[in-house]
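Engineer: Following this message is one structure expressed as structure tokens.
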Amino acid sequence: MNKSLKQFRELLPFLPAGAVPYIWTFVAISVILTILDTVAVITLALSLSAIINAQDISIPLVGRFGPSQYIYVILVISLIILTKSTLSLIQQRLATRKFAEYEFQLGNHLFHAYLGAPWIARLSRTTSELVRMVDIGIAAINAGLIFPLLNVPSLLISSVGITLTLVFVQPITALVTVSYLGLIALVLYRRLSKYTTDAGRINVEYSFKTATLMTDMVGALKEITLRDKFDEVEAVVGKHRKRATDARADIQFYSGVPKFVLDAALIGGFLIIGLVNFVIYHSMDQVINAVVLFAVAGMRIIPSLTGFQATMNIINANTAQVDTVIKDIYEAQEYRAAKPVNQGTTPVSHPKELRLEHVTFTYPTQQRPALDDVSLTIPLGSSVAFVGESGSGKSTLVDLVLGLLEPDSGQIFLDDHPLPEVLKNWRHRIGYVPQEVALFDGTIEENIALSWQGVIDRDRIVLSLTQAQLWDTVQQRTGGLESSVGDRGMALSGGQRQRLGIARALYSNPLVLVLDEATSALDTETEAEIAQALHNLRGEITLISIAHRLSTIKDYDTLFYFESGRLVAQGTFDELTSQAEGFAHQAQLAGLLDPSDAE
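Numbered continuously in our numbering, the sequence shown closes out at residue 923.
This is the structure in structure tokens:
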């Protein structure tokens, strides 16, 4: 319980505006309705005892009612119970909608923080973690902590109120009831709390492992099919799913245990209450009165205890999930707090160059710098390429140029402006084509415009597709621009997906076009056609390429050659073949340099 209250206190400051006052209002109304219900049940208990003995009904603070008024007392009690039930139903409906809105807003807050987080932090998130963060985890916060916890005061007040009434009316019955049911409830709480917490942790852990594995395996489905690994894949996924489903079964079982145990305890309570009263009073009338009183009180005490146990089981089962979301929320706050005041909106109308001065960058998980003291200048309007072996720092340099990463030391300038000061303006002018183009399950035009609800410029789309040598293919498809690309673009070939990525980058009419191995999946003829189309854009846009196929960048203005994170040479293709032995060797292997020329 202490753990749950601690989690609740940690969450309160992060709930949407107006949530905290509503929560306390909800608790107050719930308590009032519970008191109303408790009064009705207590009055019913006193009335039934008097009716059985044909005595006047004595209701404290109200008065006495004779046999002729029994029917009116019962009608009033029934009306109170019906009114309470109706008001509770209305409150429950309003509350579920309200808390659903809080869940929605908190999820949006986390997702917004994730999108605005430093690129290096986003790299550490898997798809499964992101889904958990903005959907499943937030749902656990609402349904697994806040809502159940807010019902606890009402459950406790109901039990305490009825118990105090028993003390006032029949102290012996009250003592036996509290001792008997209290002991059973305490044992259940202590045992089940541990079991449900452990089961909840296992469920979260293995559900997440299952989701991660299935996401990864779908991406490798072709290789799995070719190597006939279905049985092995099924076994691994099945193993994790088995642990998760067993844990969920345990949670469900533990949630039902209190009801069965306490219902059985109610029957045992009749015997114990009757026996104790008979031993003390030696009167069957007293025994009957005590049993009737216990039965009516039990109608509320047992459901309250059962509800409390079920509530705690739900909370304990979601403890691990809630802890993870709270951690996500704190990280989101750190991202927002660390966000610079200047969002990089300083306008730069006609920049002339991008300049790196002594830039060094090391990934948090690495000891050796990915880039080490790099200085270079890229004249805007020119064509440049970063070349070198895998791991030489080319992709890291591109991420720095895009403003996704920040240097550990050194600076990047757009003309004389530090890049962070103009970052938003700079990013809007960049078209980026990755090696593996990420496509959404939507239409061709939606994927190019990256728009699902906004206005799409059809003329720009047609021009972009034409420049990417894909317009003729699109025209031949049923539906044309409105045809679906399928899940992850599987309705297109690899080359078509890459050309669609190029069209997407060109759609925004960029100042700079960054190509990260963007033509690696194209056939030679199509690659040549796109290379010519890009060549025609030279002077209008800046081309920055990462390329292993040196034939695509042979006629670029400047090539920067990297080895182990250091810039070792720069110049034209011909200049690099004479300056850098490693580059000359790569050119020779590509058939672009005669062995005699390399000597």
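Heads up, the beta-carbon is just placed ideally off N, CA and C, and yes, glycines get one too. The model shown is predicted, which means the values in this text are computed figures rather than measured ones.
Given D587, which residues of its chain have a CB within under 6 Å of its CB, disregarding the five upstream and five downstream residues?
Structural biologist: none
Engineer: If you draw a straight line from the alpha carbon of V683 to that of G727, how long is it in whole angstroms?
Structural biologist: 13 Å
Engineer: With DSSP as the reference, label E730 as helix, strand or coil.
Structural biologist: coil
Engineer: Specify the secondary structure class of N666 as computed by DSSP and reduced to three states.
Structural biologist: With a pLDDT of only 48 at N666, under the threshold of 50, the placement of this residue in the model should not be trusted, and no figure is reported.
Engineer: Going by the beta-carbon positions, is the gap between I486 and A621 smaller than 7 Å?
Structural biologist: yes
Engineer: Using three-state DSSP, classify T882 as helix, strand or coil.
Structural biologist: strand
Engineer: What are the boundary residues of the beta strand (DSSP E) that includes L830?
Structural biologist: Counting along the chain, L830 falls outside any beta strand (DSSP E), though it belongs to the alpha helix (DSSP H) covering G818 to Y831.
Engineer: How is the beta strand (DSSP E) around G938 delimited, first residue to last?
Structural biologist: The displayed coordinates of the chain run from 325 to 923. Any statement about residue 938 would go beyond what the structure contains.
Engineer: Are the CB atoms of D840 and I865 nearer to each other than 7 Å?
Structural biologist: No, the pair does not count as a contact, with Cβ atoms beyond the cut-off.
Engineer: Below 8 Å on the Cβ atoms is my guess for L434 versus I653; work out the distance and round it to an integer in Å.
Structural biologist: Contact annotation, L434 with I653: C-beta distance approximately 7 Å; criterion of less than 8 Å satisfied.
Engineer: So, helix, strand or coil for R890, using DSSP?
Structural biologist: Three-state result, R890: strand.
Engineer: Among residues of its own chain, excluding the 5 on either side of F554, which ones have a beta-carbon nearer than 8 Å to its beta-carbon?
Structural biologist: I548
Engineer: By how many angstroms is the C-alpha of A619 removed from the C-alpha of T501?
Structural biologist: 11 Å
Engineer: For the segment 351-412, list the beta strand (DSSP E) runs that are entirely contained and at least 3 residues long, ordered along the chain.
Structural biologist: 381-383 and 387-389
Engineer: Could you tell me whether the Cβ atoms of Y578 and L629 are closer together than 7 Å?
Structural biologist: Against a cut-off of 7 Å, the Cβ pair of L629 and Y578 comes out as no contact.
Engineer: Compare the C-alpha of G506 against each of S371, I626 and Y346 and name the closest.
Structural biologist: Ranking the options by Cα distance to G506, first place goes to I626.
Engineer: Can you tell me whether M636 is buried or exposed, with buried defined as 16 or more other CB within 10 angstroms of its CB?
Structural biologist: buried
Engineer: Kindly indicate which three-state DSSP category V511 falls into: helix, strand or coil?
Structural biologist: helix
Engineer: Taking contact to mean 3 or more Cβ pairs, one atom from each stretch, closer than 8 Å, check whether the segment 601-608 and the segment 471-482 are in contact.
Structural biologist: Segments in contact, no.
Engineer: Between L413, L370, S328 and R525, which has its C-alpha nearest V476's C-alpha?
Structural biologist: S328
Engineer: Any idea which residues DSSP pairs T684 with across the strands?
Structural biologist: S733
Engineer: The alpha helix (DSSP H) with T896 in it runs from where to where?
Structural biologist: Run containing T896: none; DSSP gives neither H nor E here.
Engineer: Count the other CB atoms within 10 Å of the CB of N640; is the residue buried (16 or more) or exposed (fewer)?
Structural biologist: Under the 10 Å beta carbon count, N640 is surrounded by 16 or more other beta carbons and is classified as buried.
Engineer: What residues in its chain sit with their C-beta under 8 Å from that of L537, if we drop five residues either side in the sequence?
Structural biologist: V560, V561 and H564
Engineer: Are the beta-carbon atoms belonging to L874 and A914 less than 7 Å from one another?
Structural biologist: It is a contact, given that the beta carbons lie within the stated cut-off.
Engineer: Rounding to the nearest angstrom, what Cα-Cα distance links E655 and V708 in this structure?
Structural biologist: 38 Å
Engineer: Considering only residues of the same chain and omitting the five flanking positions on each side of A855, which have a CB-CB separation below 7 Å?
Structural biologist: T876
Engineer: Quick test of the definition: if touching needs 3 or more C-beta pairs under 8 Å, does the segment 781-794 touch the segment 817-830?
Structural biologist: At 8 Å Cβ cutoff, the stretches touch.
Engineer: Enumerate in chain order the residues of its own chain whose CB-to-CB distance from A893 is below 6 Å, with the five nearest sequence positions on each side excluded.
Structural biologist: Once the five neighbours on either side are set aside, the close Cβ partners of A893 are Y885, L900, Q903 and A904.
Engineer: In whole angstroms, what is the alpha-carbon distance linking R723 and D811?
Structural biologist: In the sequence on display, residue 723 carries Asp and not Arg. C-alpha separation (whole angstroms): 27 Å.
Engineer: When you compare only the Cα positions, how much space is there between Q331 and V528?
Structural biologist: 17 Å
Engineer: Return the first residue and the last residue of the alpha helix (DSSP H) that D796 is part of.
Structural biologist: W795 to Q800
Engineer: With hydrogens ignored, establish whether the beta-carbon of I625 is closer than 6 Å to any heavy atom of the ligand NAP.
Structural biologist: Of the ligands one can find in the structure shown there are none, so the ligand NAP has no counterpart to examine.
Engineer: Using DSSP with H/G/I as helix, E/B as strand and the rest coil, what is G766?
Structural biologist: coil
Engineer: Return helix, strand or coil for V297, following the three-state DSSP convention.
Structural biologist: Because residue 297 is not part of the residues shown, which for the chain are 325 to 923, the question remains open.
Engineer: For D697, does the three-state DSSP call read helix, strand or coil?
Structural biologist: strand
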